[in-house]
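Reviewing the structure listed below.
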Amino acid sequence: MLGVCDLAYTDNDAGAPPSIPRLRLAKPGGRATLAAMARAKDPTSEGTRPENPLPAPGLDALPMGEALSPELAELEVRITTCRRCPRLVEWRERKAEEKRAAFQDWEYWGRPVPGWGDPAARLLVVGLAPAAHGANRTGRIFTGDESGRWLYRALHGFGFANRPESEARGDGLILSDCFVTAAVRCAPPDNRPTPAERAHCRPYLEAEIDLLPELAVVVALGQYAYDHTLRIFRARGHPVPSPKPRFSHAREIDLGPCAPRLIASYHPSQQNTFTGVLTEPMFDDVFRRAEARIRSV
Ligand code: SF4
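0 is the number of the first residue of the sequence shown in numbering that gives the first Met the number 0; add one for each residue after it.
Printed below as a string of structure tokens:
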């Protein structure tokens, strides 16, 4: 018997192959989610180069890995071994070999980038995808690029991070009451995953949502993350307004009593921050709203 907040998926991502698992929102706890992924089709099971499987990294390679629940740790490790999207596998690994001149001494991560943070988080931050020389280099989402500098400065300002800088895994950055992730886990050319790639990766974000039972707010960075998040919650039967509210900065969407509130933000990309489309006060306003919402529930 399903409770009022136990919702089954009702549709699928546009362009998704029929093999994408229809996971069940399981609150609290996520064991059902992982079991459903295993029974259906786990994206990590589709190796594009099965003769060269990607070994799983140790738990110590995951940011804040020791803090994760066993289920969340298992999920994040599995994400890092995924090779389902041939185009993105080729791109992420090629960028990791070519490297940018400034990072020639780095050993690039070159894998899918897991989500990271506090497993008891009430705030979830969703971006688009890793940057080729940012998270694809450092192995931690929003780490090692200008967007990350903006994000973690803001999170630190509102008490969700213990320091404002984010340079590399192992730099001492700890998130508190916050989990940071992305819609797509492999760096895409031109920051543009295809609809099929987006659909392939979607179960990972859904599984993370299931494994973060305290969520009260989702901050979507950019229209891509905003649309993707709405798509997921609509598919789960939550009351997403129709027609879909237009994306705009600091827009808040009430997704009903059984879902976190969605807050939209312009993405802190250089395209926005260098041009003044997004300013620090505007960005802080989003996290002020998130903090106020968390305090109110
Ligand atoms: S984008 Fe997602 S589904 Fe595709 S290979 Fe990367 S981790 Fe796997």
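Heads up, the beta-carbon is just placed ideally off N, CA and C, and yes, glycines get one too.
All figures in this text were calculated on a predicted structure; none of them were measured in a lab.
Are the beta-carbon atoms belonging to residue i and residue j less than 7 Å from one another?
i	j	result
Pro118	Thr79	no
His237	Ala215	no
Thr193	Val125	no
Ser268	Ser165	no
Phe232	Ala153	no
His132	Arg99	yes
Phe159	Cys177	yes
Leu210	Glu65	no
Ala186	Arg91	yes
Leu174	Gly116	yes
Pro242	Ile252	no
Is DSSP giving residue i helix, strand or coil here?
i	result
Arg86	helix
Val217	strand
Arg152	helix
Ile262	strand
Glu251	strand
Ala186	coil
Asp104	coil
Ala289	helix
Cys81	coil
Ser268	coil
Thr278	coil
Val76	helix
Lys94	helix
Cys257	coil
Ile140	coil
Under 6 Å Cβ to Cβ from residue i, same chain only, skipping five residues before and after it: list those, please.
i	result
Leu67	Pro118
Glu279	none
Ser295	none
To which residues does DSSP link residue i through a beta bridge?
i	result
Phe178	Gly116 and Leu123
Ala160	Leu174
Short of 7 Å in beta carbon distance, which residues of its chain neighbour residue i, apart from the five on each side in sequence? Order them along the chain.
i	result
Ala289	Leu122, Val216, Val218 and Ile262
His248	Ala263, Ser264, Tyr265 and Met281
If residue i sits next to residue j, beta carbons under 8 Å apart, how far is it from one beta carbon to the other, in whole angstroms?
i	j	result
Val76	Ala55	5 Å
Gly221	Leu127	6 Å
Arg162	Leu172	6 Å
Under 8 Å Cβ to Cβ from residue i, same chain only, skipping five residues before and after it: list those, please.
i	result
Ala95	Tyr107, Trp108, Gly109, Asn135 and Arg136
Arg168	Ala60, Pro62, Thr137, Gly138, Arg139 and Thr142
Ala72	Leu58, Leu61 and Gly64
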